[in-house]
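Heads up: take any position in the sequence shown, counting from 1, add 65, and you land on my numbering. Every residue gets a Cβ at the ideal spot worked out from N, C-alpha and C, and that includes glycine. Note that this is a predicted model, so its numbers are computed, not measured.
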Amino acid sequence: MPIIIEKLSYTYQSGSINAFTALKDIDLTINDGEFVGLIGHTGSGKSTLIQQLNGLMQPTSGKVTVDGFDMNDKKQRAKGRALVGMVFQYPDYQLFDETVYKDISFGPRNLKLSEDEIDRRVKEAMRLVGLDFDEFAEKSPFELSGGEKRRTALAGIIAMYPKYLVLDEPMAGLDPAGRRAVLEMIDSFRRQLNCAVVMVSHSMDDIARSAEKVVVLKDGEIFKMGTPAEIFELADELNEMGLEPPFAARMASALRARGISLPGCIYTNEALVNALVEFKGGHSNV
Ligand SMILES: Nc1ncnc2c1ncn2[C@@H]1O[C@H](COP(=O)(O)OP(=O)(O)OP(=O)(O)O)[C@@H](O)[C@H]1O
Ligand SMILES: [Mg+2]
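The following block contains the structure:
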């Protein structure tokens, strides 16, 4: 069963003179196991939208159901929320316990699992996020680097085996190697735990690599939704919104402009390399 968002609108400080409508008429479904990339200019409503997925915020109008649980209803919300793991942009807000081990085990402990199962899950989650147990388990989260904190926050969420994993800018502030590592990690536990992922990212390259469905928000509305190929084809519109298409898509379009004939819908580096190799094969003197 999916997450279904129907006609959702959200107004901050509704009814006051400062009322601001951040989301308008959003219809969106997040299917089981699907990887959804959420992009949009700053202030377009991405964070506001994902906070509706676990009931942290309730719609001003419209409806969110998580596997049939109505998130407008207090009792049902708790059940729906248990299925949705949320990792915020700033891991500092998420870490609070004395040791990495205690921090990661907090969620599973709340699920009232046995100590053995908690221990198993903490170890598994640490392995999945690439934190060495002997080195990190007894460390204080506050001694960690930015990347290690992010991994700890992620581990705490995946140890609860969420059915839907929601990530707000999980790669923000990391260097390219760190970004790749976190993205690979997300891919790998998605496969192992079979969960759906909703990822907000400013990086079109990261979205292009992983997402099956891309949602573009603009001024609180869904501007476009489709496969990465369908979305990244709209290079001009994305550029106008201040969203830079993936490197490979920009490169392919520059090469086409120079008369090099390449197939459409190139948006990953791998596809670009393949297309260039093919092009060269057809022009052996190039
Ligand atoms: N607590 C609040 N009160 C009033 N307006 C708010 C509040 N939080 C956010 N907003 C406004 O709602 C709009 C959407 O904000 P949101 O944080 O969801 O955008 P975003 O797409 O996540 O942006 P970013 O890419 O910068 O993270 C923005 O115009 C923002 O100023
Ligand atoms: Mg945001």
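task = In angstroms with no decimal places, state the Cα-to-Cα distance between valine 265 and glycine 347.
result = Near 40 Å, if we compare the C-alpha coordinates of glycine 347 and valine 265.
ask   = Quick one: Cα of aspartate 135 to Cα of isoleucine 68, how far?
value = Annotation: aspartate 135 to isoleucine 68 spans about 10 Å, alpha carbon to alpha carbon.
message = Within a Cβ cutoff of 7 Å, which residues of the same chain sit near alanine 300, ignoring the five residues on either side of it in sequence?
response = Taken in chain order, the residues that qualify are Pro310, Ala314, Ser318.
key: Residue interval of the alpha helix (DSSP H) (run including isoleucine 115)   = 111-115 is the extent of the alpha helix (DSSP H) around isoleucine 115.
request  = State buried or exposed for aspartate 92, treating a residue as buried only when at least 16 other CB atoms are found within 10 Å of its CB.
outcome  = Under this definition aspartate 92 is an exposed residue.
query = Is any heavy atom of ligand 1 found at a distance shorter than 8 Å from the C-beta of glutamine 257?
reply = Glutamine 257 Cβ: outside cutoff for every heavy atom of ligand 1.
ask   = Terminal residues of the continuous beta strand (DSSP E) containing glycine 133?
value = That residue, glycine 133, is in no beta strand (DSSP E); it is neither H nor E in DSSP.
request  = Go to alanine 261, then tell me how far its beta strand (DSSP E) extends in each direction, as first and last residue.
outcome  = Per DSSP, alanine 261 is one residue of the beta strand (DSSP E) stretching across 261-265.
query = On the three-pair Cβ rule with 8 Å, is the segment 160-171 touching the segment 251-270?
reply = As far as the Cβ criterion goes, the segment 160-171 does not touch the segment 251-270, which means the pair count is below three.
ask   = So methionine 151 is in the beta strand (DSSP E); what residue range does that whole segment cover?
value = Segment 149-152, the beta strand (DSSP E) holding methionine 151.
key: Residues whose Cβ lies closer than 7 Å to any heavy atom of ligand 4, in chain order   = Annotation note on ligand 4: not contained in the displayed structure, which lists ligand 1 and ligand 2 as its ligands.
inquiry  = Just to confirm my understanding: we take valine 101, look at its own chain, exclude 5 residues before and 5 after, and list those with CB closer than 6 Å. What are they?
reply    = Excluding residues within five positions, the ones whose Cβ falls inside 6 Å are Ile95, Val263, Lys278.
request  = Confirm, please, whether the CB-CB distance from isoleucine 223 to leucine 258 is below 9 Å.
outcome  = Going by C-beta atoms, leucine 258 is nearer than 9 Å to isoleucine 223.
task = Check whether the segment 103-123 touches the segment 192-200, taking contact to mean three or more Cβ pairs, one atom from each stretch, closer than 8 Å.
result = Contact between the segment 103-123 and the segment 192-200 is absent, because fewer than three Cβ pairs lie under 8 Å.
key: Residue environment, threonine 87, which counts as buried when at least 16 other CB atoms sit within 10 Å   = Inspection of the sequence shows that residue 87 is occupied by alanine rather than by threonine. It counts as buried.
inquiry  = Considering just the uninterrupted stretch of the alpha helix (DSSP H) at serine 253, what are its terminal residues?
reply    = Per DSSP, serine 253 is one residue of the alpha helix (DSSP H) stretching across 241-258.
task = For threonine 107, verify whether its CB is less than 8 Å away from any heavy atom of ligand 1.
result = Yes, since a heavy atom of ligand 1 falls inside the 8 Å radius drawn around the Cβ of threonine 107.
query = So what does DSSP say about aspartate 97, is it helix, strand or coil?
reply = Coil.
request  = Use the C-beta contact count for arginine 186: other C-beta atoms within 10 angstroms, 16 or more gives buried, fewer gives exposed.
outcome  = Buried: at least 16 other Cβ atoms inside 10 Å.
inquiry  = Assuming contact is defined by CB atoms lying nearer than 9 Å, are phenylalanine 297 and serine 326 in contact in what I supplied?
reply    = At least 9 Å separates the beta-carbon of phenylalanine 297 from that of serine 326.
key: Top-ranked residue by Cα proximity to lysine 228, from Ala322, Ala273, Phe254   = Nearest of Ala322, Ala273, Phe254 to lysine 228, Cα basis: Phe254.
ask   = Do glycine 238 and ligand 1 come close, with the Cβ less than 8 Å from some heavy atom?
value = No, the Cβ of glycine 238 stays beyond 8 Å of every heavy atom of ligand 1.
request  = To the nearest angstrom, report how far apart asparagine 119 and aspartate 271 are at their CA atoms.
outcome  = As the crow flies, the alpha-carbon of asparagine 119 is around 24 Å from that of aspartate 271.
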